[in-house]
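Residue numbers (this note's numbering): 70 to 603.
To start, the structure under review is shown below, and the notes come after it.
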């Protein structure tokens, strides 16, 4: 039997280990271990909310203080690896084989990439983060030990503080995080489409570990992937609920409290279930396209009613500043801006790593037929450019309001409400604020739906096409975790939960890089018959 035939046989045997109950099908170890750990977390957090808040805060400090250098170094390595693979002969390998054709057109592909990848977070942080960095960099105490200014800040220098604030924000939403998603997606795409392995995280490790991935080693990897995905999603959903409720409070005076945050989560869960039943092409795809159009309209409105020429020139300047400041921002050692480095950059790298199983698998699922070069180039470039333009547009208007129009309320507002405070100073504030709320809620829905699809696939041993009731179970599970984290400490607990699973999954991705190169080597030999020169 050929090597590929052996792989397919072992893959079939792996799927046969699933168990069925109530019409649903699960891999027993992955499903029961991950759900036990999550239910334990939920019960403990709801029973001891104050103690849970302290625990999560302590975890955040421990990880960011002791492993910040490791996470920053790995993020740099992942970005460089993506560039190396893209320009190498491996770039012409096509996911699904040389004859495979893309299932989705470019617009649908980009829409789903953006909506499922970073939509909810970008709406939350896309305006609040650059304002926070700008005001920290401008403050008289910028550069002191307790300052949160990036790279020491620029006290009293508005132009330099703006440059630092924007380059730091784009750095957190640009090439580095998408490199993490690219590697996760590439490994899964190769394993599933080129070698016929289950669409499960463990499959990416087959080129190195062989049949060991079908045993306890693989189950541990998939269980960690489930936990990382749940915590990453719960963090985003918690942030989305806070911001959506802030908008409802701003427009309709709805009380901002934990109870109403939970009600928002329940309401979006209902919409997510409807999207789930419509399926990938009619549900997530259509909602993603609608949301991208809505986001585009809101962004264009801000562009035209704001200082248009300044926004366009700032966009070019910010991209240049981002590239120029990238070496300093990505430096893992000898930092003089530890508060910024630990609580912003390291949180983001852990958050993106916790999203890697989810976004990587979803990206792989929609990218069959794309070449490796096309896969890397567009997934790195398009979301980075869209994010940069979004951040530039909203932050340029916001900083102009703070510096030139005396909108001190915007500078002092809590993170979830900054978007609506800024919109409140522009024409048609009620309409645009309502659009902002809808945007948050639909991004909320697409992320939750896509994440439930991924969780269901991993917990079912990579099987696609299970009953939709299984995905509803994961919708409920993610919702419970998000609610428990909101009750047990709010934003800090949400951040800590991502870091708890993000750190170990960064290490998993580092191991996956070795497997990717061996998989690319095998795929190249399979498609082209000879090994590329190095």
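Yeah, the Cβ is synthetic: ideal placement off N, Cα and C, and Gly gets one too.
Nearest to residue 377 by alpha-carbon distance, out of 426, 463 and 391, is 463.
In this model, residue 291 and residue 228 are separated by some 47 Å (Cα to Cα).
If the five residues before and after residue 420 are omitted, its C-beta is found closer than 7 Å to the C-beta atoms of 301, 304, 567 and 571, all from its own chain and listed in chain order. The residues 551, 554, 555 and 563, in chain order, have a CB closer than 7 Å to that of residue 307 in the same chain once the five nearest residues on each side in sequence are set aside.
DSSP places residue 305 outside any beta strand (DSSP E); the residue lies instead in the alpha helix (DSSP H), whose first and last residues are 285-321. Residue pairing by DSSP places residue 540 opposite no residue, since no beta bridge is assigned to it. In the three-state reduction of the DSSP assignment, residue 216 falls in the coil class. In this structure, residue 537 keeps its C-beta atom at 8 Å or more from the C-beta atom of residue 172. Taking C-beta separations shorter than 7 Å and ignoring five residues to either side along the sequence, the partners of residue 523 in its chain run 298, 426, 427, 430 and 431, following chain order. CA-CA distance, residue 155 to residue 254, rounds to 14 Å. The straight-line gap separating the alpha-carbon atoms of residue 328 and residue 384 is approximately 40 Å. An exposed status is given to residue 343, since fewer than 16 other beta-carbon atoms sit within 10 Å of its beta-carbon.
With a cutoff of 8 Å on beta-carbon distance, residue 588 and residue 256 are scored as near each other. When secondary structure is reduced to three states using DSSP, residue 269 falls in the coil class, being assigned neither helix nor strand. Your pair residue 199 and residue 235 checks out as a contact, with CB atoms roughly 5 Å apart and the cut at 8 Å. Restricting attention to 498, 237, 485 and 293, the CA atom closest to the CA of residue 103 is found in 293.
Comparing alpha-carbon positions, the option among 529, 491 and 439 lying closest to residue 251 turns out to be 439. Non-local beta-carbon contacts of residue 592 in its own chain, meaning distances under 7 Å to residues more than five positions away in sequence, involve 162, 259 and 263 in chain order.
By the Cβ test, the region 132-143 is in contact with the region 402-415, since at least three Cβ pairs between them sit closer than 8 Å.
The region 311-319 and the region 487-501 touch, with three or more beta-carbon pairs separated by less than 8 Å. Here DSSP, grouped into helix, strand and coil, assigns residue 163 to strand. Residue range 93-95 is occupied by the beta strand (DSSP E) that includes residue 94, with no alpha helix (DSSP H) assigned at that position.
DSSP places residue 402 outside both helix and strand once states are collapsed to three, so it counts as coil. Assignment of residue 440 by DSSP, reduced to helix, strand and coil, places it in the strand class.
Taking residue 469 as reference, the option from 231, 405 and 221 with the minimal CA-CA separation is 231. Boundaries of the alpha helix (DSSP H) around residue 427: 416-434.
The alpha-carbon of residue 508 is positioned some 19 Å away from that of residue 453.
Within the same chain, 271 come within 6 Å of residue 287 by CB-CB distance, once the 5 residues on both sides are set aside. In the DSSP secondary-structure assignment, residue 90 is bridged to 93. Its Cα nearest to that of residue 573, the residue 289 stands out among 99, 275 and 289. Under the criterion of beta carbons closer than 8 Å, residue 237 and residue 358 do not qualify as touching, at roughly 31 Å.
Ranking 361, 418 and 89 by CA distance to the CA of residue 141 puts 418 first. Counted as a single uninterrupted DSSP element, the alpha helix (DSSP H) harbouring residue 118 occupies residues 118-135.
In this structure, the beta-carbon distance from residue 101 to residue 337 does not fall below 8 Å.
In chain order, 490 place their CB closer than 6 Å to the CB of residue 482, counting only its own chain and leaving out the 5 sequence neighbours on each side.
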